[in-house]
Amino acid sequence: MDLDAATAAAAAAAAAATEAAAKAAAAAAELNMTELNAAAAPALAAGWEFASSAAAMASPMLSKCAAAYASVPFYPALLGHCIFMVGLFKGRYERNWLKAFWVSFIGSFGGGTMVSLLHGERIAWLENNNILLMYAAVWYALNYAPVVSLFSKMLAGLLPVRMAAKAASTMLRVQLLCMQVNLAVAGYPGQWYTPLFFGTVAATGGKFIADAVAALSGERVASSFSLPDWPVRSGFFGSLIYTFLAHWSRLLAPELAEAAVMSLFLAHAVSSDLLGGELDWTAPLEWIFHLVTRIPASKTDSILAEAGAPREGGGQTPSGKASPAPSATPSRLQAPSSSSPASSSKKSGGGLRKRQLPARK
């Protein structure tokens, strides 16, 4: 290696970097920040005036919504939340009833449990017997009650009942989210990300716990920690919207900002049930984030991709049906069946030669 040539190349690179830095400094010196601020001030003032006018126009309607939401009693809303969450976790861990109950229960009240532990406060379901008793009664009625189970399943499967239960669960979720944002703003003054953290955990803690239990159980799942889905994204954006409206900009009073966020979440819940699919309004926001920041979207881990990938031979499963393509953000991937082609052929004896023992003389 020619040291003189390397030294000359390094000197040339250093000179080029120095020249570029000098040009950048000259451009910054020529930039008049006063003129820039003066040019941007009218646009910012117009935007703020528009936002203030919109908030003032929406305040009467939001006041009526806030009064309507506040008139819903706690225990009927809790009953709807229990019905919705039991149905959401139904079918998981059927072979272990105790695990099925506790995972669904902690998943249903995990957000409040996690933020209470973070604040060092009492956990609600540990100091209120009615929460655990009501959830246990609903869980038993929808899963194992001999006579009530069939009627309860039919009743819970009706669209109006299902929509009411989901709406009640959504209301409790938003109330907890907003309450935790308020506590974080008061307890951590000057911290802009702390309210977003507590609000997201309050709205999504149950999903985090359920995913952690599934991972510890050896299930092949796409965790919300690495692949945020609707619960995580909605919890974060809901916290962001409420914090901006109620605390950062103070465009709305806290109760009106809570009514705005709750109306947005309830509109999503009702429209999803009516149209038969999740209308995820947070997905475009995530797409814009990746587009602006140029950070690539997260992909599934290799083990999850292998679990959901098509089989060899044209993507056909042993039953002859085409296997579904893996989703970009799967909520749950099924583990491979224990009855693989090899094991099934062994059981049926198809194509495998049995070893013959020598005849006894």
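All residue numbers for the sequence shown refer to this note's numbering, where the first residue is 1045 and numbers rise by one. Virtual Cβ for every residue (Gly too), placed ideally from N, Cα, C.
Taking the beta carbon of residue i as the centre, do at least 16 other beta carbons fall within 10 Å, making it buried, or is it exposed?
i	result
residue 1302	buried
residue 1104	exposed
residue 1120	exposed
residue 1243	buried
residue 1251	buried
residue 1253	buried
residue 1377	Reliability fails at residue 1377, whose pLDDT of 34 lies under 50, so the model's placement of it is uncertain and no value is given.
residue 1152	buried
residue 1182	buried
residue 1096	exposed
residue 1185	buried
residue 1147	buried
residue 1158	buried
residue 1169	buried
residue 1320	exposed
residue 1239	buried
residue 1055	exposed
residue 1052	exposed
residue 1272	buried
residue 1209	buried
Contact defined as beta carbons within less than 8 Å: I believe residue i pairs with residue j. What is the distance between those atoms, to the nearest angstrom?
i	j	result
residue 1313	residue 1246	No, residue 1313 and residue 1246 are not in contact; Cβ-Cβ is about 18 Å, not under 8 Å.
residue 1300	residue 1106	4 Å
residue 1276	residue 1268	5 Å
residue 1406	residue 1179	Given that the chain is displayed from residue 1045 to residue 1405, the structure contains no residue 1406 and the question cannot be resolved.
residue 1332	residue 1305	With 8 Å as the limit, residue 1332 and residue 1305 do not qualify as a contact, their Cβ atoms being about 20 Å apart.
residue 1218	residue 1287	About 13 Å; that fails the 8 Å criterion.
residue 1215	residue 1137	Not quite, the Cβ-Cβ distance comes to about 28 Å (not below 8 Å), so this is no contact.
Quick one: Cα of residue i to Cα of residue j, how far?
i	j	result
residue 1129	residue 1123	10 Å
residue 1171	residue 1165	11 Å
residue 1201	residue 1230	42 Å
residue 1257	residue 1205	30 Å
residue 1315	residue 1309	10 Å
residue 1290	residue 1283	10 Å
residue 1098	residue 1088	15 Å
residue 1323	residue 1063	53 Å
residue 1199	residue 1207	12 Å
residue 1430	residue 1139	Since the first residue shown for the chain is 1045 and the last is 1405, residue 1430 is missing from the structure and cannot be characterised.
residue 1235	residue 1280	16 Å
residue 1156	residue 1085	43 Å
residue 1116	residue 1134	27 Å
residue 1141	residue 1261	15 Å
residue 1318	residue 1325	16 Å
residue 1174	residue 1118	11 Å
residue 1220	residue 1059	59 Å
residue 1270	residue 1342	7 Å
residue 1132	residue 1093	44 Å
residue 1160	residue 1264	30 Å
residue 1334	residue 1328	10 Å
residue 1259	residue 1274	19 Å
residue 1340	residue 1278	20 Å
residue 1295	residue 1337	28 Å
residue 1150	residue 1090	47 Å
residue 1307	residue 1213	13 Å
residue 1162	residue 1249	12 Å
residue 1241	residue 1222	12 Å
residue 1187	residue 1298	40 Å
residue 1292	residue 1203	39 Å
residue 1419	residue 1189	Shown here, the chain extends from 1045 to 1405; a query on residue 1419 therefore has no answer.
residue 1255	residue 1176	22 Å
Is residue i helix, strand or coil by DSSP?
i	result
residue 1320	coil
residue 1264	coil
residue 1237	coil
residue 1343	coil
residue 1326	coil
residue 1286	helix
residue 1272	coil
residue 1294	coil
residue 1338	coil
Runs of 4 residues minimum, wholly inside the segment 1154-1224: which ones carry the alpha helix (DSSP H) assignment? 1154-1163, 1168-1171, 1173-1187 and 1192-1201
Residue ranges of each alpha helix (DSSP H) run of no fewer than 4 residues wholly in the segment 1086-1160, ordered along the chain? 1118-1133 and 1141-1152
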